[in-house]
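Here is the structure we will look at, set down as structure tokens.
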Amino acid sequence: MSMTTLVDVSLSDGQTAAWDGAASTAMLLGTMNSLGHARLAAIEVLSPAVIAQCVRREENPLQRVAALRQRANGTPLRATINLLPAHGYFDVLSGDALNTWLRLLASHGVSEVVLIDPQLDFQRLDSAIKMALANGLTVIAALPYADDHEHDDACYSAGAARLVAAGAQRIMLRDEAGLLHVDRLPGLLSALRSGLEGTPLDLHTRCHTGLGPQVALEAIRLGIDRLDAALPGVANGASAPSLTLLARSAELLELPLQSPDQDRIKEAQAQLAAVADQEGFADSLPWAFDLAPYAHQLPAEIAAQAMQALRERGRLADLFEFSHECTRIRQELGHPPMLQPFAQAIARQALEHLDAGPRYATLQPLLRRWLQGCYGPIDTTLHSLQQRIGAVAQPGRAIDVPATDDALAALVCGCPALPLPHRLHYEIRTPEQALTLGLLQRWPDYSVLSVTGRGLSIHLEHSKG
């Protein structure tokens, strides 16, 4: 049996789920120095969520890729691309815009791309796969996992065969909502392999049902080729399974896992923990088993954001009411896939309804475009709402592709212009340095500040005259 290898997603999905994407590029350079030497199959450095985080911080996402590439020690870097962007500059990433973006990713150091089409439109995926191959990238085509009667084993087998025929070099079973369980896995993986003709099969799952680590270990036992995992500080909860826990458990159970260099993994975790301590980022903790995700089926980080919103409203006990409202909205809208860009819009719409306002008094912009047919024909019960919002003249509207790479990259990233590259510097301070800095920030309000302790003496006093 072949050995399962691990892909680290700490710098993308991990810090997105655990820290809401608060880790800047500079904060992650030390961690990358160690991860790059850890003998991982790949390291994911970019995703649609990470791009949005960079733009909010006025960071250049391509600079992020290049900086992490310099510290990767030859480890392949991976980026995730969603063909239906969430930012609204255009509905579908395709044609010259997609081709140029793929070329820019390759030139900045990305060697693998995960292509996701939430609607699993094989025509769009065929074109995207060919473009990625033409740009010298290893293509991983995602099959989103859904827990419903429509997506049976035959559906997944046919989907895998279709993507392999299009040229995908790897297939990823992508369970962003963490809905997989060990009883479902054997039959599902067997069905997928029947359509793969030897093409490697990868798994991405999350932990917010509490089952992620168990599913990951079972997948290793069943011979999954690659598995996504994260460093302990940003694993579990809404994130991917813990890399160190998987390595330790696989060794204990004598499972065929190619374990990374544990000394380097410890170094990487120590670097990440130092950043978390200095910035006040909380450790990601395992969540107890809960059935709510099987009702709302939200991707993990969207589920985490929704739970935080409920907590802030003092309504966390209403999680199942929120979950059922998500289900109801999906049914009324004609079943959009519970993936980005639709998932967050559905969650926000459900929260509005939960706040006791009239249902659909306001409508999330992306759901408006869904009802207007911008992503294809739909079968909805909300005919009066459709009449109210009106139609669009050109569903699937074409965009004017900018003449320059920078302008097009900005459009793909959802901003008017890409932030200029800047110096990346981040320093981990010792406790003494942190204390001194804190005192320096506060001492203008005092005449004298003095701190003494074992091996420590700090005295600050304004000079006279």
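Numbering (my numbering), first residue to last: 6 to 470.
Beta carbons are placed, not taken as given, at the ideal position from N, Cα and C, and that holds for glycine.
Endpoints, beta strand (DSSP E) assigned at residue i
i    : result
P149 : 143-149
T210 : 206-210
I121 : 117-121
For residue i, the residue or residues it bridges with in DSSP
i    : result
G458 : L461
V239 : Answer by DSSP bridge pairing: none, since V239 is not bridged.
V12  : A47, D233
E466 : V453
L33  : Bridge partners of L33: none, in fact.
L227 : Partner(s): none; L227 has no beta bridge.
Host alpha helix (DSSP H) of residue i (start-end)
i    : result
D233 : Here D233 belongs to no alpha helix (DSSP H); instead the beta strand (DSSP E) covers 231-234.
E256 : 248-258
T21  : 20-24
L416 : 410-418
D268 : 267-284
P298 : 297-301
Three-state secondary structure (DSSP) of residue i
i    : result
I383 : coil
L423 : coil
L321 : helix
L222 : helix
L262 : strand
I433 : coil
P291 : coil
L390 : helix
N140 : coil
E155 : coil
G126 : One point to set straight first is that residue 126 is Asp, not Gly, in the sequence displayed. In the structure shown, D126 sits in coil (DSSP, three-state: anything other than H, G, I, E or B).
A245 : coil
T214 : coil
A396 : coil
E202 : coil
S7   : coil
A308 : helix
Q42  : The residue you asked about is not Gln; residue 42 is His in the sequence shown. In this structure, H42 counts as coil in the three-state DSSP scheme.
R428 : coil
A28  : coil
H340 : coil
Cβ separation of residue i and residue j, assumed to be a contact under 8 Å, to the nearest whole Å
i    : j    : result
A84  : V60  : Between V60 and A84 the Cβ distance is about 15 Å, and since that is not below 8 Å, they are no contact.
D180 : T204 : That belief does not hold up - the Cβ atoms of D180 and T204 are roughly 19 Å apart, past 8 Å.
L34  : R76  : 6 Å
A182 : A305 : 7 Å
L82  : A47  : 7 Å
E49  : V12  : 6 Å
L185 : A137 : Not really, about 26 Å apart at Cβ, beyond 8 Å.
L250 : I270 : Going by Cβ atoms, the distance from L250 to I270 rounds to 11 Å, so no, they are not a contact pair.
T9   : R231 : 7 Å
D158 : L193 : 6 Å
Residue i at chain B interface by Cβ criterion, 9 Å
i    : result
A252 : This model lacks chain B altogether, as it is built from one protein chain only.
Entirely within the segment 158-198 and at least 4 residues each: give me those alpha helix (DSSP H) ranges in chain order.
158-171
Just to confirm the assignment: which complete alpha helix (DSSP H) runs, minimum length 4, are found wholly within the segment 45-115?
53-61, 66-75, 100-113
Where are the alpha helix (DSSP H) runs, 4 residues long or more, that stay fully inside the segment 342-388, in chain order?
347-359, 370-376
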